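Asker:
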Amino acid sequence: MEEVTDEPLYRDRVCGIDIGKAGMAATIRVPSEKNPARRAQETREFATTKRGVLGLAGAVRDYADGLNGNPAGEQHFQVTVQEPEEKLSELPAAIEVAAYRIAAEALTNITRHAMAHHCTVSFSLEENGSAKALQLKIVDDGIGLSDHRKAGVGLNSMRERAEEVGGTFKIESFPQKGTCLIARFPLVS
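Numbering-wise (our numbering), the sequence shown opens with residue 6 and increments by one.
This is how it looks when you write it as structure tokens:
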């Protein structure tokens, strides 16, 4: 388990939540354990702290701001975060954390590899009969994924996080036109 300290750069890089902006000091434990019981406890702690301070979309915005911010004030790429009119605060903690961590990993990958100018992260709540789901869609205008790439730790981790909570994960790439990632998480009433 990683522990987030008061040092702002480390705190933002690890979990993307700048508690200092909310006017309080806190230590946030970021879920990282393979042990299911311990991971569940960490997920509850993380989701409770994050939900109370920023909410899911706000935490992703804050993470994106941390990626774009640097001492010179330069912007690497523009990130737009869209959320539905319905509140995302009623999400189960495990789904909220999985969605956040997938979004954070995707944004990190875009920063490192995509050479993108713009990225849109959108959350939507879907209904199909009695079935409800949260959809996370991330689209960038970067160079796309190589046809010869192997799925790395980041892509595998995102897929595992979605599947761990009963969700699905799909990624499509368009050479020189960008990448589209869609993760869907079932919401049980």
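The C-beta atom is built at its ideal place from N, Cα and C for all residues, glycine as well. Quantities reported herein were computed from a predicted structural model and do not represent experimental measurements.
Identify, in the order they occur along the chain, each residue of the same chain with its Cβ nearer than 7 angstroms to the Cβ of P180, setting aside the five sequence neighbours on each side.
Answerer: Hits under 7 angstroms: G149.
Asker: How many Å lie between H122 and D146 at the Cα?
Answerer: 6 angstroms
Asker: Give the C-beta separation of A167 and I107 to the nearest angstrom, bearing in mind that I take them to be a contact with Cβ-Cβ under 8 angstroms.
Answerer: 6 angstroms
Asker: Going by C-alpha distance, which of V58, L192 and T113 is nearest G134?
Answerer: Nearest to G134 by C-alpha distance, out of V58, L192 and T113, is L192.
Asker: Output the distance between the C-alpha atoms of A138 and V144, rounded to the nearest integer angstrom.
Answerer: 19 angstroms
Asker: Exposed or buried, A188, counting other C-beta atoms within 10 Å across all chains shown (16 or more means buried)?
Answerer: buried
Asker: Among A119, A104, F174 and A99, whose alpha-carbon lies nearest the alpha-carbon of V65?
Answerer: Per the C-alpha coordinates, the member of A119, A104, F174 and A99 positioned closest to V65 is A104.
Asker: Enumerate in chain order the residues of its own chain whose CB-to-CB distance from T85 is below 6 angstroms, with the five nearest sequence positions on each side excluded.
Answerer: T125
Asker: Name the two residues that bound the continuous alpha helix (DSSP H) containing G157.
Answerer: Where G157 is concerned, there is no enclosing alpha helix (DSSP H), given that its DSSP letter is neither H nor E.
Asker: Confirm, please, whether the CB-CB distance from A111 to L61 is below 9 angstroms.
Answerer: no
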